[in-house]
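**Q**
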Amino acid sequence: MEFLKRFSLNNLLLLAFGLFIFRYGFLDQQPGLPLALNHWQYALMVLATVLVAAGGFFIYNYHSSDYQSHEGKAYNIYALLTLAGVGIGYYLSDHIGKPMIVAVLIIAAAIIYLYATSLKQMLLVSNFIVATAVAMSIIVIGVYNLYPIILPGNKVYLATVFELMLDYTLFIFIITFILTLVYNLRNANTDYNSGNTTLPIVIGKDRTIKVVFFTMFIPLALLAYYGNKYLLNLTFALGYGLFFVAAPIIYFLVKIWTAKTTKDFNHLIFILKLILFFTIISIAAITYNIQHNA
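Per the numbering used here, residue 9 is the first one in the sequence shown, and the count goes up by one each step.
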């Protein structure tokens, strides 16, 4: 069981869930939108992304654990998962006639590896890298499904779809970045003993909490902007966003200010993952509301 925990199965399930929601709750519902990957090919794309992520989680958790043994075996498992993911990604990209798009998975694998093995020591760089790697999963969808079918006649339509996906990428990036800071707060003592340079160690927990608090206003402001621009006439989607995304963010803001213990930070980590979960579902909620004319 301890071995399986190193793969962060909950995070992998959330990743796979999000990728499928974007396909069947959003892309498949768009009128006249052809996709480069059929259903089984898309499932392979999800598998490739999950395998690359699993390798990254495994090697990161290995380096983060207090007890490290069988280093060669750990790197073999990491290499097997990563190569399998990239291999599947290459098969798909070659099958649709765009072999170079596998680069998006290679880049994701590379930055995850750098984070787990070396950049983890660098202040804030590691936080940005983790957030980038997670947000890139949305980019993978666009690269594999939309880029190969771009034609002069559908450029504007596909650009609109991809722009919406980039909005989600930005939001997920910010929430994940905040999530990494809360992990730093929870693991401050362990990181200090391991020699890791994280924000709580450099400026202290209290100041880091203030940084997290004020940074959390960015996604809240983005929600207000998106709601005002896109959702004012979509009652169901607007209500969903307010209740399931904005409300947990406000709850987080209240709780982070007084967080002190590991239990407090674990609770906040759960809230952030809940925000990510409901953010993913929101794309399906918006699509449903549009189709049913508010």
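Quick reminder that beta carbons are idealized off the backbone N, C-alpha and C, glycines included.
(1) Apart from the five residues on each side of it in sequence, which residues of its chain come closer than 7 angstroms, Cβ to Cβ, to residue 135?
(2) Terminal residues of the continuous alpha helix (DSSP H) containing residue 227?
(3) I'd like to check one pair, residue 62 with residue 20: are the Cβ atoms closer than 7 angstroms?
(4) Let me know the secondary structure DSSP gives residue 34 once reduced to three states.
(5) Cutting at 6 angstroms between CB atoms, please list the residues of its own chain near residue 26, excluding the five before and the five after it.
(6) Give the range of the alpha helix (DSSP H) segment to which residue 16 is assigned.
(7) Could you please give the first and the last residue of the uninterrupted alpha helix (DSSP H) stretch that includes residue 144?
(8) Going by C-alpha distance, which of 92, 69, 93, 94 is nearest residue 82?
(9) Assuming contact is defined by CB atoms lying nearer than 7 angstroms, are residue 205 and residue 122 in contact in what I supplied?
(10) Residue 257 lies in the alpha helix (DSSP H); which residues open and close that run?
(11) Are residue 112 and residue 151 touching if we call contact CB-CB under 7 angstroms?
(12) Less than 7 angstroms between the beta carbons of residue 43 and residue 153, yes or no?
(13) Look at the alpha carbon of residue 237 and the alpha carbon of residue 269, and state the distance between them as a whole number of angstroms.
(14) Using 7 angstroms as the threshold, is the C-beta distance between residue 246 and residue 179 below it?
(15) Along the alpha helix (DSSP H) that carries residue 247, what are the first and last residues, could you check?
(16) State whether the region 154–166 contacts the region 206–224, with contact taken as three or more CB pairs (one from each stretch) at a distance under 8 angstroms.
(17) Assign residue 108 to one of two classes, buried (16 or more other C-beta atoms within 10 Å of its C-beta) or exposed (fewer than that).
(18) Do the region 283–298 and the region 245–262 make contact, defined as three or more Cβ pairs closer than 8 angstroms?
(19) How many whole angstroms separate the CB atoms of residue 226 and residue 277, which I take to be in contact at a CB cut-off of 8 angstroms?
**A** Put simply:
(1) 185, 188, 189, listed in sequence order.
(2) 225–234
(3) yes
(4) coil
(5) 288
(6) That residue, residue 16, is in no alpha helix (DSSP H); it is neither H nor E in DSSP.
(7) 133–153
(8) 69
(9) Their beta carbons are not under 7 angstroms apart, which means residue 205 does not touch residue 122 by this criterion.
(10) 255–264
(11) yes
(12) yes
(13) 39 angstroms
(14) It is not a contact, given that the beta carbons lie outside the stated cut-off.
(15) 243–248
(16) no
(17) exposed
(18) Short answer: they touch.
(19) Actually they are not in contact, since the Cβ atoms of residue 226 and residue 277 sit about 19 angstroms apart, beyond 8 angstroms.
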